[in-house]
Amino acid sequence: MMGLEVNLLLLILSFFVIATLYSSVGFGGGSSYLALLALFLPNFLEIKSTALLCNLVVVTGSTYLFIKEGIFDAKKFLPLAICSVPAAFLGATFALSQAVFFICLGAVLAFSGALLILQFFTQPVAKGILYRHHSRFFNFSLGVSSGLVSGLVGIGGGILLSPVLHLLRWADGRTIAALASFFILVNSVAGLLGQVAGGNFKVDVSLLLPLLLAVFLGGQVGTRVSLKKIKPQAVKGLTGVFVLCIGLRLVISYL
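The C-terminal residue of the sequence shown carries number 1257 in our numbering, and the numbering is unbroken.
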């Protein structure tokens, strides 16, 4: 019994730390929640639902703070988000086997980690850069693909979208962080609805509630830190290495 309590406390603390770090760069932390929960929970449906709910709590608070600070730009954000929502819902309705799920998750995490590491070595975009207007087909393709993948593996998709936009020099870092939070928010909601519709939603309330509290507090701390203009470049680099290692380990383990 004591061992279980210690493990639970470590899990709660880990979720708080992850939420703090990820929210400081506009993410919800879903990828790392999934990886940690895989060590504690045998049911991967419960893993997906719990991680997505934690994701939702973090980015809801982050999105509110970004809107409050006047960083939210509906004209830029809505085209990508609107395209992603139905794709995220559809992806979440698919019932994958546990092995296929973790292989897909590992591949997505490895790819995201590589993009974040690549972004670490690129020059950040200065604030005030002019928004580069891409074609509607480009926005549609990027939104749909990120949304579909996020629904399949139970993440919000921001960890895929954000580094791509940085590498395309789409906008300055704070604007992309605000978009990532909003993107994760709407895709997490769509993903949860898709899980319910597909009969894939499962949670343990006694475990879920303390985790939600931990990520809410961590998300508030991380977002407020980012709004004080602390450079997130190093955090993204470390996050990239962490996510890449987790992804490769999952792929190797389940292959």
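We put the CB at the ideal spot given by N, CA and C, even for glycine.
All of these numbers come straight from a predicted model, not from anything done at the bench.
Nearest to residue i by CA position, among the options, is which residue?
i	options	result
Thr-1124	Leu-1170, Ala-1182, Gly-1153, Pro-1088	Leu-1170
Phe-1077	Arg-1138, Leu-1154, Ala-1094, Glu-1048	Checking the sequence, you will find Lys at residue 1077 rather than Phe. Cα-wise, what sits closest to Lys-1077 is Arg-1138.
Asn-1189	Phe-1104, Ala-1180, Gly-1145, Ser-1208	Gly-1145
Leu-1154	Ser-1086, Pro-1044, Thr-1241	Ser-1086
Gly-1249	Val-1059, Leu-1015, Phe-1113	Phe-1113
Val-1061	Ser-1025, Arg-1226, Leu-1047	Ser-1025
Leu-1082	Leu-1041, Gly-1175, Val-1217, Phe-1140	Phe-1140
Val-1191	Cys-1106, Ser-1051, Phe-1079, Val-1227	Ser-1051
Applying the criterion that 16 or more other CB atoms from any shown protein chain within 10 Å of the CB defines a buried residue, is residue i buried or exposed?
i	result
Val-1198	exposed
Asn-1202	buried
Leu-1132	With a pLDDT of only 48 at Leu-1132, under 50, the local geometry of the prediction cannot be trusted, and no value is derived from it.
Gly-1072	exposed
Pro-1165	buried
Ala-1097	exposed
Phe-1068	buried
Lys-1070	exposed
Ser-1099	exposed
Val-1008	exposed
Val-1207	exposed
Leu-1187	buried
Just the Cα atoms here: how many angstroms apart are residue i and residue j?
i	j	result
Phe-1142	Gly-1158	17 Å
Gly-1031	Gly-1221	9 Å
Leu-1013	Leu-1038	8 Å
Leu-1219	Ala-1053	16 Å
Leu-1167	Phe-1074	16 Å
Leu-1043	Ser-1034	14 Å
Ala-1094	Ala-1101	16 Å
Gly-1200	Leu-1240	35 Å
Leu-1150	Leu-1162	11 Å
Phe-1018	Gly-1193	22 Å
Gly-1224	Ala-1021	7 Å
Leu-1047	Val-1205	8 Å
Spatial neighbours of residue i within its chain, please: C-beta separation below 8 Å, excluding the five flanking residues on both sides.
i	result
Cys-1247	Gly-1115
Ile-1178	Gly-1028, Ser-1164, Leu-1167, His-1168, Trp-1172
Leu-1214	Leu-1055, Cys-1056, Val-1059
Given residue i, which residues of its chain have a CB within under 6 Å of its CB, disregarding the five upstream and five downstream residues?
i	result
Phe-1104	Leu-1252, Tyr-1256
Gly-1130	Note that Gly-1130 scores a pLDDT of 48, beneath 50, so its modelled location is shaky and nothing firm can be said.
Gly-1108	Gly-1249, Leu-1252, Val-1253
Leu-1092	none
Can you name, in chain order, every residue of its own chain whose Cβ lies under 7 Å from the Cβ of residue i, other than the five neighbours on each side?
i	result
Ala-1182	Gly-1028, Phe-1029, Gly-1160, Leu-1163, Ser-1164
Gln-1121	Pro-1165, His-1168, Leu-1169, Lys-1238
Leu-1210	Thr-1052, Leu-1055
Quick one: which unbroken alpha helix (DSSP H) runs of 4-plus residues sit fully inside the stretch 1087-1165? Chain order, please. 1100-1122, 1138-1155
Ignoring anything shorter than 4 residues or poking outside the stretch 1167-1222, list the alpha helix (DSSP H) runs there in chain order. 1175-1199
Within the stretch 1028-1057, note down every full alpha helix (DSSP H) run reaching 4 residues or more, in order along the chain. 1032-1042
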